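**Student:** Numbering (the numbering used here), first residue to last: 4 to 281. Pasting a structure here, questions to come.
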């Protein structure tokens, strides 16, 4: 059985899906997301939640594909009666980075409320301007002079071989990443037949458990504040022995919280952390 693996059409999504193919061999199906089809429209104008995922998830529900590949931070749909996150890959670099003038940039391009809130502290004299598009498009805009600098996820920059363009990598004390940042998720159907069961078993066998516990805890934290990928919250978790350590900050309420507890209690830890940020 060779599964059909659905992913976005972007260069980065295709690069990540080739990594998935090394773990779960399959045929790639390229799908245009709402966000990809409307590259100049803001995420908020498109409705915010799920604009990178809905079309791929619908293809999975309609059995046009067997596995959906997502950036975990873009997911808004948790395990439900139809779909589940059966596997995550080991976390890549979770930090944000800056390309361009890192000393005194006049303009910085980003549309992320989380990044904007933290950049205002790091570069109080810079003007933060919205930017949309894939990594290549954003870098081209910066190099053409539309922005003095732009902020991107380090993992994506590294994956596409643009690490030599990075002028600053932000430490987590400077810029907390988005919940789930740097993680690739494999989504499958809840099994209703033998094929679904076989695919779920196959993908689950490739799961990186330490990463899974961390990002699921981060997802439950975000759910506790009814947030999504556009919510100005930074969060990072890591496994230490049999415990998860979590730190998060809500830049709307200016509340920061830390939690530490047994790895098996990831759901409770996430909810508890989120409730302290409201």
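Even glycine gets a Cβ: it sits at the ideal position worked out from N, Cα and C. Small disclaimer: the values here were computed from a predicted structure and weren't measured.
For residue 150 and residue 119, which I take to be in contact (beta-carbon distance under 8 Å), what is that distance rounded to the nearest angstrom?
**Tutor:** Within the chain shown, numbered from 1, the residue matching residue 150 stands at position 147. Within the chain shown, numbered from 1, the residue matching residue 119 stands at position 116. 14 Å between Cβ atoms; not a contact.
**Student:** Quick one, which of 178, 159, 68, 62 has its alpha-carbon nearest residue 95's?
**Tutor:** For the purposes of this step, residue 95 is taken as the residue at position 92 of the chain shown. Closest option to residue 95, Cα to Cα, is 159.
**Student:** So, at 8 Å on beta carbons, what are the nonlocal neighbours of residue 163 in its own chain, with the 5 sequence-adjacent residues on each side left out?
**Tutor:** One-based indexing of the chain shown puts residue 163 at position 160. Result list for residue 163: 14, 15, 18, 138, 139, in chain order.
**Student:** Below 8 Å, how does it come out for the segment 191-202 and the segment 127-134: are there three or more Cβ pairs, yes or no?
**Tutor:** The segment 191-202 is not in contact with the segment 127-134.
**Student:** Quickly, what does DSSP pair residue 260 with across the bridge? List them, please.
**Tutor:** Locating residue 260 in the chain shown gives position 257, where the first residue counts as 1. Per DSSP, 251.
**Student:** At a cut of 8 Å, does the segment 214-230 reach the segment 270-277 through at least three beta carbon pairs?
**Tutor:** Counting Cβ pairs under 8 Å, three or more are found: they touch.
**Student:** Short of 7 Å in beta carbon distance, which residues of its chain neighbour residue 7, apart from the five on each side in sequence? Order them along the chain.
**Tutor:** Here residue 7 refers to the residue found at position 4 of the chain shown. Cβ neighbours of residue 7 beyond the five flanking positions: 29, 30, 32, 68, 69.
**Student:** Judging by CA-CA distance, which residue of 218, 256, 211 is the nearest neighbour of residue 181?
**Tutor:** Taking the chain shown and counting its residues from 1, the one referred to as residue 181 is at position 178. Nearest option by C-alpha distance: 218.
**Student:** Please classify residue 204 as buried or exposed, where buried requires at least 16 other C-beta atoms within 10 Å of its C-beta.
**Tutor:** Residue numbering aside, residue 204 sits at position 201 when the chain shown is read from its first letter. Answer is exposed; the Cβ neighbour count stays below 16.
**Student:** Rounded to whole angstroms, how far is the Cβ of residue 250 from the Cβ of residue 236, which I believe are closer than 8 Å?
**Tutor:** Translated into the one-based positions of the chain shown, residue 250 becomes position 247. Translated into the one-based positions of the chain shown, residue 236 becomes position 233. So it is not a contact: roughly 11 Å between Cβ atoms.
**Student:** Looking only at its chain, what residues have a beta carbon closer than 6 Å to the beta carbon of residue 75, apart from the 5 residues adjacent to it on each side?
**Tutor:** For the purposes of this step, residue 75 is taken as residue 72 along the chain shown, with counting starting at 1. Only 183, 186, 188, 218 meet the Cβ criterion.
**Student:** Taking only runs of the beta strand (DSSP E) that begin and end inside the segment 175-256, which ones reach a length of at least 3 residues, in chain order?
**Tutor:** Within the segment 175-256, the complete beta strand (DSSP E) runs of at least 3 residues are 187-192, 236-243, 246-253.
**Student:** Taking buried to mean at least 16 other C-beta atoms within 10 Å of its own C-beta, is residue 256 buried or exposed?
**Tutor:** By 1-based counting over the chain shown, the position of residue 256 is 253. Exposed is the call here.
**Student:** Can you tell me which of the three DSSP states residue 151 falls into?
**Tutor:** By 1-based counting over the chain shown, the position of residue 151 is 148. Residue 151 falls in the coil class under three-state DSSP.
**Student:** Which one of 201, 141, 92 has the shortest CA to CA distance from residue 165?
**Tutor:** Here residue 165 corresponds to residue number 162 of the chain shown, with the count starting at 1. Checking every option, the nearest Cα to that of residue 165 belongs to 141.
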